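> Quick note: to get our numbering, add 16 to the position in the sequence shown (first position is 1).
For each residue, glycine too, the CB sits at the ideal point set by N, CA and C.
Since the model is a prediction, treat every value here as computed from it, not as a measurement.
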Amino acid sequence: MRESDQEIDAKSQQQRKLPNNMDDEMDMIENLPDAMLLHILSFLPAKDVLKTSILSKRWRHLWMSVSNLSFEEWRPDKFVMFMNSAERAMMCRDVPRIEKFSLSSHMLNSACINALISKALSFKVQDFSLRLVYVGVPISLPHHLFSCPTLTVLNLEEVTQFPCTACLPNLKKVRLSCCLLPHQQSLLHFFSGCPKLQKLILNRCFWRDANLGFISTPMPEPVDITQLPSTTCLPDLKELELSFCLLPYGQSTVQFFGDCPKLQKLTLKECHWGLAKCLYISTPMLESVVICDATSSSGCKVVISGSNIKSFSYYGDLRTTYCLCSSSIVDAYIHVHSKGKIEREGREKEVAHRVHKLIMEFCNVEHLGLSPDTLEALAYAEELDLPVFQRLTRLELKRKSVDLSCRALNRLLQKLPHLDCLDFRMGVFLSKKHKNFALDPLPPCFLTQLKIIKIHTSSLTDEELHAVGILFRVSTVLEKVYISGGGLNKNKISMLARESKFEIISM
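1) Tell me the rounded alpha-carbon separation between Asn100 and Ser163.
2) Curious, which full-length alpha helix (DSSP H) runs of at least 4 residues does the region 369-443 contain?
3) On the three-state DSSP scale, how would you describe Lys357?
4) Taking just the CA atoms, how far does Ser522 sit from Leu466?
5) By the DSSP assignment, the alpha helix (DSSP H) with Lys317 in it spans what residues?
6) Where does Glu480 land, buried or exposed, given buried means 16+ other C-beta within 10 angstroms?
7) Would you mind stating whether His434 and Asp389 have Cβ atoms separated by less than 9 Å?
8) Quick one: give me the first and last residue of the beta strand (DSSP E) that His122 is part of.
9) Mind listing, in chain order, the continuous beta strand (DSSP E) runs of no fewer than 3 residues lying wholly within the region 163-209?
10) Taking its Cβ as the centre, do 16 or more other Cβ atoms sit within 10 Å of Ile461, making it buried, or is it exposed?
11) Are the beta-carbon atoms belonging to Phe222 and Cys180 less than 9 Å from one another?
12) The alpha helix (DSSP H) with Leu481 in it runs from where to where?
13) Please name the residue in Asp309, Ser474, Pro277 and Ser447 whose C-alpha comes closest to that of Ile486.
14) Residues bridged to Ser86 by DSSP?
15) I need the straight-line Cα distance from Pro158 to Ser134, nearest angstrom please.
16) Name, in chain order, the residues that DSSP records as bridge partners for Ala348.
17) By alpha-carbon positions, which one of Gly443, Lys355 and Leu213 ends up nearest to Cys183?
18) Quick one: give me the first and last residue of the beta strand (DSSP E) that Leu146 is part of.
19) Asn227: buried (16+ other C-beta within 10 angstroms of its C-beta) or exposed?
20) Opposite Asp309 in the DSSP bridges: which residues?
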């Protein structure tokens with residue numbers, strides 16, 4: 017016999033023997049409107065949402081109206097129970113739509129999984145995420161997943177079989193992770209069925225050729241983008257992110273980027289260029305470029321051209337040569353890592369020249385970010401002169417604490433006549449052996465322009481105080497100093513404030 021609403025309420029009261037303040041909190045939650053409670057429940061896994069049905073009479077049916085459903089179970093012995101619970105949750109829906117549906121599990125029963133996917137699609141789902149770990153032979157997903165007219169977001173992980181065509185007229189964002197994709201032309205044909213696609217993320221994906229091999233056509237010379245076919249496959253794409261991908265190369269790669277006339281943000285993380293000798297990237301609307309180099313990539317020249325590029329960030333050890341054909345960049349960041357490995361491989365001069373070449377492209381930037389390792393890489397080739405940054409007003413040094421005695425830092429500061437803000441994101445220090453250290457020659461900006469110094473540190477050690485003291489003494493027009501960190505000594509901050517003629521703000 018099913019329990020009555022009164023019995024459920026009585027049982028819930030017995031279970032909730034809470035202190036007075038917790039009773040007040042429970043009453044506060046009970047007084048919230050249904051819409052707000054449903055919004056809170058939408059952030060919980062489906063199994064926890066189902067449990068709320070025993071709380072009270074009011075909660076008994078509330079869970080049926082939650083618009084976001086997230087199912088996750090990785091224990092094979094719980095799969096049957098998990099699927100039964102998921103099917104119950106889908107069958108008891110009393111709303112016509114599901115805004116967001118997420119399923120993560122081992123693929124132990126393809127029929128059950130596909131039935132659950134089909135049921136979710138029948139509720140006109142908008143945001144669909146699927147992560148399946150296959151046990152046995154991969155299966156094909158329901159074809160109507162790739163022809164759902166209501167989908168706006170699609171997130172698939174570890175999918176190895178895709179249809180040749182798609183019809184997703186309202187899809188705006190796609191993320192594919194650890195997927196084996198069809199060969200390049202089929203993939204472009206697939207995306208041609210997504211005319212409103214604005215954001216595409218491919219993470220750890222591979223393209224498969226029709227012959228089960230990867231495209232291997234070398235491209236010894238840059239391809240003129242104007243000579244490529246005018247077919248536009250991704251007309252509305254604004255953001256493209258490729259992570260840990262083995263990219264096809266040759267003319268097909270250029271065509272892939274060339275088919276994105278509205279592309280504004282391009283991110284390439286740990287991608288491999290294969291045997292490509294040159295890659296040419298040029299889209300008319302490109303504004304932001306982020307590149308994280310794969311340590312095994314080498315021998316490729318990447319040319320990035322665009323009259324609207326405003327931001328460029330690079331992370332890696334510069335095994336690839338980068339050429340930026342743009343004078344519009346206003347925000348740039350370079351982080352060269354693996355300093356020890358660079359020295360072990362004897363690549364100091366090579367890296368120094370590539371860092372120098374990149375920095376030469378940034379002579380018009382307003383904000384420049386560098387890591388201390390990048391400064392040390394520049395020190396490998398002190399014979400190379402740096403440009404004068406006439407427009408640069410902010411220099412940001414991050415990733416780790418900066419040694420104020422670094423010669424490359426002093427060389428750079430000499431070239432920043434209009435520097436207004438110097439930001440040490442991980443602190444600045446000067447070892448005790450440099451008791452008589454001085455910035456020599458003193459950068460002109462310290463006498464005429466530098467008004468703000470920012471320092472983020474954990475404790476303000478003696479070595480940090482030594483460096484800070486020197487900066488304070490030579491900065492004659494300094495107005496404000498921001499010092500932030502979790503374990504700052506307020507007595508040291510007060511001492512600095514008493515000895516300074518400018519405002520020190522502790523954050």
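Taking the definition as stated:
1) 27 Å
2) 388-394 and 423-429
3) helix
4) 19 Å
5) No alpha helix (DSSP H) contains Lys317, which is instead part of the beta strand (DSSP E) from Lys317 to Ser321.
6) buried
7) no
8) Lys116 to Met123
9) 169-173 and 189-193
10) For the record, residue 461 in the displayed sequence is Cys; it is not Ile. So Cys461 ends up on the buried side.
11) no
12) Asp478 to Val490
13) Ser447
14) Ser118
15) 7 Å
16) Phe328 and Leu384
17) Leu213
18) Asp143 to Tyr150
19) Since pLDDT at Asn227 reaches only 36, below the 50 mark, its modelled position is unreliable, and the value read off the structure follows with that caveat. By the neighbour-count rule (16 or more Cβ atoms within 10 Å), Asn227 is not buried but exposed.
20) Cys287
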